[in-house]
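Here's the structure we're looking at; comments come further down.
In my numbering, the protein residues as written are 465 to 869.
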C-alpha cells in the first residue's frame, strides 16, 4: 500500500511536483490576501467586521466539511477531475464575492462557494497524488515542497493583490483574480494519474478506513493539533492588517508583514519536510506549536512598532504552515496512501473548525470589546495545548487486522 506508483505514462515525479506546486501557489496565494478586502468592502457596503469575518468563517468551515468528500472523489475517480471543478468554482466564488450587495449573498459567494472550491484545489487533493507517486522515504520532503509552494504563492500574491486593490479598486481586483483561478484547470492535467486508486490499490473500503482512523488515538491527536493550527493562522492572516491599522500602522506595514510571513513560510515548510525525514514528526509538531505560543506571547507583550511586526512576521512565518508536511506524512505513514486524500481531508476538517472560530471570534470579540486581546491569548493557550497533544502520537504503520490502540 505504501509502494510508489507512477502517475501516468511518461509523467515524472518532478512533473507531478511542479504542477501540484503551481496549483497550490495559485489557490493558497489568492486566499492569503482576503484580509486586505475587509476594510474596503465593509466601508463601501456599510457592514461590520463581524459580517465580513463570518463570511470567511463560513468559507473555512465549508472548506473543511467538503474536504473529506473532495478527498474521497479524488481517491476514487482521479484528483485531476476534482481540481478542474475546484478551479472553476473558485473563479465563480470570486465573482460572487465582488458582486454581492448584501451579507447573505456575500456569505454564499465568499463563504460557501469559495470554501467548496478550496476543498478541491489545495493540499489534501494534491497530497493524495504525491503520496501515491513519491516513494515513502521521500514523502515528507515532497509534502514540504508542495507546502512551500503555497507559501510562495502568499509571498507573490500579497503585493499583487494590494496593488490591484489600491490602483484598480477592490471589485476589479476580484475580477482579475477570478480569471487567474481558472489556470488551475489546465494545470490539473499535469497530475492526471494512470488509474484510480479504487480500481487498483488494496482492498480496504472507505468505511473500514474511516473506522480504523477515527478509532486510532494518534489520528485523534493529530486532528486536535490541526484544529489549533487553523485557529492561529487564519485569525492572524485575516485580522492582522486591521489590528495593525488600529494601532496607527499603515498598509505598507501590513503588506510587508504578510509578505514576510509568506517568504519565511517557504523556508519553514521546506525545512519541516526535510526534518520530518530525519526526526520523529511528533516532536517536530510539538516544537512548532510551542514556538508559535512563545512568538505570539512576545509579540503582544512588547511595544508595537514596524520592527516588532516584521520580526514577528518572520518568526511566525517560519512556523506558519510547517505543521502541514509532518502532519500529512504521519497520516500516510500510519495508514498508507490508498485513502490519503480522504483521511487528509478529515484531518483538515478539524483545521477548518479552528479556522472558523479564529476568524469569526476575531471579528465577534473585537466588535464586543474593541480589542483583539482575548483572541491573542486564546491563540497562546491553544498553542500550548497542541504542543502537549502531539507528544504521544504513534508514527508506526498500523497493523492491519488488529484492533487500533
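Every residue, glycine too, gets a C-beta built ideally from N, C-alpha and C. Being a predicted model, the structure only gives us computed values, none of them experimental.
Put residue 571 into one of helix, strand or coil per three-state DSSP. helix
Validate contact between the region 516-531 and the region 578-596 using beta carbons, cut 8 Å, 3 pairs: yes
Going straight from the alpha carbon of residue 494 to that of residue 599, what length do you get? 31 Å
Excluding the 5 residues flanking residue 660 on each side, which residues of the same chain have their C-beta closer than 7 Å to its C-beta? Note that residue 660 scores 48 on pLDDT, short of 50, meaning its location in the model is unreliable; the coordinates nonetheless yield the value given after this. Closer than 7 Å at the Cβ level, and outside the excluded window around residue 660, lie 540, 541, 542.
Just mark residue 664 as buried or exposed, buried being the case when its beta carbon has 16 or more other beta carbons within 10 Å. Reliability of the predicted coordinates at residue 664 is poor, the pLDDT of 44 falling under 50, and the value obtained from them is presented with this limitation in mind. Residue 664 is exposed by the Cβ-count criterion.
Residue interval of the alpha helix (DSSP H) (run including residue 544): 543-563
Taking residue 811 as the reference, which of 819, 480, 683 has the closest Cα? 683
Is the beta carbon of residue 781 closer than 8 Å to that of residue 729? yes
Per-residue DSSP class, three states only, for residue 642: helix
Express the C-alpha separation of residue 860 and residue 626 in angstroms, rounding to a whole number. 45 Å
Looking only at its own chain, which residues have a Cβ that is under 7 Å from the Cβ of residue 745, when we skip the five neighbours before and after it? 790, 793, 794, 859
Taking residue 576 as part of the alpha helix (DSSP H), name the residues at either end of that continuous run. No alpha helix (DSSP H) contains residue 576, which DSSP labels as neither H nor E.
Can the beta-carbon of residue 637 be found closer than 8 Å to that of residue 575? no
Along the alpha helix (DSSP H) that carries residue 720, what are the first and last residues, could you check? 715-739
Can you tell me the Cα-Cα spacing of residue 622 and residue 800, whole angstroms? 36 Å
Measure from the alpha carbon of residue 777 to the alpha carbon of each residue in 595, 726, 579, then state which is nearest. 726
Local Cβ density within 10 Å of residue 820, reported as buried at 16 or more and exposed below that: buried
Taking C-beta to C-beta, are residue 550 and residue 655 nearer than 8 Å? no
Could you please give the first and the last residue of the uninterrupted alpha helix (DSSP H) stretch that includes residue 837? 837-854
Less than 8 Å between C-beta atoms, sequence neighbours within five positions excluded: which residues of the same chain meet that for residue 855? 746, 747, 750
Just to confirm the assignment, what range does the alpha helix (DSSP H) spanning residue 712 have? No alpha helix (DSSP H) holds residue 712; DSSP gives it neither H nor E.
Straight-line CA distance for residue 721 to residue 513? 21 Å
Can you give the Cα-Cα distance for residue 482 and residue 644, rounded to whole angstroms? 18 Å
Inter-residue spacing [alpha-carbon to alpha-carbon] between residue 831 and residue 741: 45 Å
Pick from 647, 537, 768, 850 that is closest to residue 487, judged by C-alpha positions: 647
Tell me which residue opens and which closes the alpha helix (DSSP H) that residue 763 is part of. 745-765
6 Å Cβ shell around residue 869 - same chain, five flanking residues per side excluded: Low local confidence applies: a pLDDT of 43 at residue 869 is under 50, so the model's placement there is unreliable, with the coordinate-based value given in what follows. Cβ neighbours of residue 869 beyond the five flanking positions: none.
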